[in-house]
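A.B. asks:
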Amino acid sequence: MSAAAPTRPSAIVSYSHAETGWTPAQAAERLDQVHRLVYALRTVGAIDADADIFHPNEDWTRWGPARVAASDFVLVVASPAWRDAWIGDGDPTRNKGVRAEADVVRSIEQAGRPQFQKRVRLIMLPGSSDADIPVGMHGITRHYVSGFEQSELEELLRDLTDQPKFLKPALGEVPVFPAAMTTHTPDVARLETGTDGVTPPQPVAVTPVSDPAGRAERVEQLKAQLEALPQPLPGEGPHLPWYRLRQQIESRLWNELREETAPSSNLGSTSTGPEPSVEWTPASNVQVAWAESLGREVGYGASAVVVHLIPVPPAAITQRLLSSLDDIGPRIVRERRLVDDSAGLTRASSGEDIFIESQPTQRVGGVSRGRFLALRISRSGQTSVWYTLPRDSMGSVLDEHHLRHDIQAALGLGAGIIEATHGTAVARVAVAAELVNTTSLTGGTVDELGTRTQATMPGAFRSPPRIDPDESVGVRDLNGPGSWTVAGVVAQLLIRAWSA
């Protein structure tokens, strides 16, 4: 389904030239802001924007109201003087043009609230505050404009040109579920009481863990239990009971799978036995592009772990294939549930690499549990994944268990990208990792976030802790139980390098 071509609407910027008590310099700054806004809307956004400053010889008390009535959109710059004009307050001999425009905007409101909300927008320029919003206009869409580049005006331009960032998909098929059999179901009740002449089922002894005959059934049961639990989303972690239950089930599942592939002499081992084995092979002369060499600020200064996967031997990506990843990359990120379904993903391409970043989220109650941050795919074949670390107002925390989970997710994503680009042509990858922005990185655990009163920062002002890509592992290991083992090794080495 193709989207309709963006429209080129008209818009009038309604604003007050000066506020009570302003100096000439402050008034000049307001005019400069409006001039830059209109200029950017016209040149960057293709909006037919206008303002009175471009019509110095007009009677503004007539020109402004006429344009307000005729334009598709009225962009009201929130300010005390415009608010007073709207409510009929203040000196009636001042700001006559604004008062005339406000009266026409009031007429739009009187014509019906839907039309009012459709045509009027509040523009919050630097210096505007929510206190400047007139009574009755709090339900109007507002846009906070901090600059006049396309990226800073994107939300406003999307709104004016009817280009929503997220498109609602069509409805799928209604799923059909079988009815559950419970003790209240008549057939089950008769079985339990034996009233239908059938002998009730007898309790079955639990099969020992070391018995391979029942392992397949246990594996399927554990997989079913995992599917019944929610998939972790950004900000969700061990503080949630179901998350901890999911970790326990995953651990039991990995133990079962390990037992399934272990030699017969190890069939009697328990859950405290070794983790899934991974074949580490020495790798020499592997070139890695560390985060600081990319010339790009990722993470907005937050502490993060970065995992780099480099094909061994080297395997470059063609320009054509790299271009196709512009769509494939975000799809893989969403399929792996690394971001919420409604979360925004931005893409940027330089011709030599593709960056896919998730939009920053605000911390709730001063605490952030850490999340997927960015994915970089380079023509050299290197794939890099960023995860922010959990943090509160005292800084980020390096929790080994949480770090291991994030690294495991990063390894799986990187392996998925490499399989999508190279198929089976790349069987092994060298693993490198680093911690970035460690100035405010502290020791501690996720459970302490939000309650700490002090913290130590042993890594402040040091070089980024790194793990060199001097060993390789199988790509298939990173998409299976072996990823937990690899993630554990990487997490321990990073913590050791940071605290050294």
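With this note's numbering applied, the sequence shown covers 27 to 526.
For every residue, glycine included, the Cβ atom is placed at its ideal position computed from N, Cα and C.
None of these values were measured; they are calculated from a predicted model.
Report yes if the CB atom of Asn505 is closer than 7 Å to the CB atom of Ala441, and no otherwise.
C.D. replies: Taking 7 Å as the Cβ cut-off, Asn505 and Ala441 qualify as a contacting pair.
A.B. asks: Take Ala415 as the anchor and find which of Thr409, Gly469 and Leu437 has the nearest alpha-carbon.
C.D. replies: Here residue 415 turns out to be Leu, not Ala, going by the sequence shown. Ranking Thr409, Gly469 and Leu437 by Cα distance to Leu415 puts Gly469 first.
A.B. asks: Who pairs with Arg527 in a beta bridge, going by DSSP?
C.D. replies: Outside the displayed span of the chain (27 to 526) sits residue 527, for which this structure offers no information.
A.B. asks: Thinking just about the alpha-carbon of each residue, which of Val455, Ile275, Leu101 and Val516 is nearest to the one in Asp185?
C.D. replies: Leu101
A.B. asks: Quickly, what does DSSP pair Pro308 with across the bridge? List them, please.
C.D. replies: Glu497
A.B. asks: How is the beta strand (DSSP E) around His334 delimited, first residue to last?
C.D. replies: Ala330 to Val338
A.B. asks: Pull up the CB-CB distance for Val331 and Val312, whole angstroms please, since I reckon it's below 8 Å.
C.D. replies: Not quite, the Cβ-Cβ distance comes to about 19 Å (not below 8 Å), so this is no contact.
A.B. asks: Give me the Cα-Cα distance between Ile166 and Glu180, rounded to the nearest whole angstrom.
C.D. replies: Approximately 18 Å, taken between the alpha carbons.
A.B. asks: So Ile149 packs on His169, CB below 8 Å; how close in whole Å?
C.D. replies: Yes, Ile149 and His169 are in contact; Cβ-Cβ is about 6 Å, under 8 Å.
A.B. asks: For Ser97, which residues from the same chain have a beta carbon less than 7 Å from its beta carbon, with the 5 sequence-adjacent residues on both sides left out?
C.D. replies: Ser36, Ala37 and Ile38
A.B. asks: Between Phe99 and Ser384, what straight-line distance do the alpha-carbon atoms span, to the nearest angstrom?
C.D. replies: 31 Å
A.B. asks: Give the DSSP-derived three-state secondary structure of Trp108 in the structure shown.
C.D. replies: Trp108 falls in the helix class under three-state DSSP.
A.B. asks: What is the C-beta distance between Ser154 and Ala104, in whole angstroms, given that I count them as a contact (C-beta under 8 Å)?
C.D. replies: At roughly 5 Å, the Cβ-Cβ gap stays under 8 Å, so Ser154 and Ala104 are in contact.
A.B. asks: Return helix, strand or coil for Asp74, following the three-state DSSP convention.
C.D. replies: Note: Asp74 maps to strand in three-state DSSP.
A.B. asks: Pairing CB atoms from the stretch 501-520 with CB atoms from the stretch 427-443, are three or more of them under 8 Å?
C.D. replies: Between the stretch 501-520 and the stretch 427-443, the count of Cβ pairs shorter than 8 Å is three or higher; the stretches touch.
A.B. asks: Buried or exposed for Pro495, going by 16 or more other Cβ atoms inside 10 Å?
C.D. replies: buried
A.B. asks: Let me check understanding here. Comparing Cα to Cα, which of Val94, Thr465, Glu426 and Asp156 lies closest to Ile134?
C.D. replies: If we check each option's Cα against that of Ile134, Val94 comes out closest.
A.B. asks: Among Arg357, Pro491 and Leu335, which residue has its Cα nearest to the Cα of Val512?
C.D. replies: Minimum Cα distance to Val512 is reached at Leu335.
A.B. asks: What's the gap between the Cα of Ala128 and the Cα of Asp115?
C.D. replies: 12 Å
A.B. asks: Taking Cβ positions, are Arg360 and Leu439 nearer each other than 7 Å?
C.D. replies: no
A.B. asks: Between Arg430 and Gly514, how many whole angstroms is the CB-CB distance? I'm expecting something under 8 Å.
C.D. replies: 5 Å
A.B. asks: What residues are listed by DSSP as bridge partners for Thr468?
C.D. replies: Val423
A.B. asks: Rounded to the nearest angstrom, what separates Glu305 and Leu520 at their Cα positions?
C.D. replies: 20 Å
A.B. asks: Looking at the strands, I want to know which residues DSSP matches up with Val457.
C.D. replies: Leu335
A.B. asks: How big is the Cα-Cα spacing for Asp76 and Val64?
C.D. replies: Note on geometry: alpha-carbon atoms of Asp76 and Val64 lie some 6 Å from one another.
A.B. asks: Which residues does DSSP pair with Leu148 in a beta bridge?
C.D. replies: Leu148 pairs with Val102 and Arg168.
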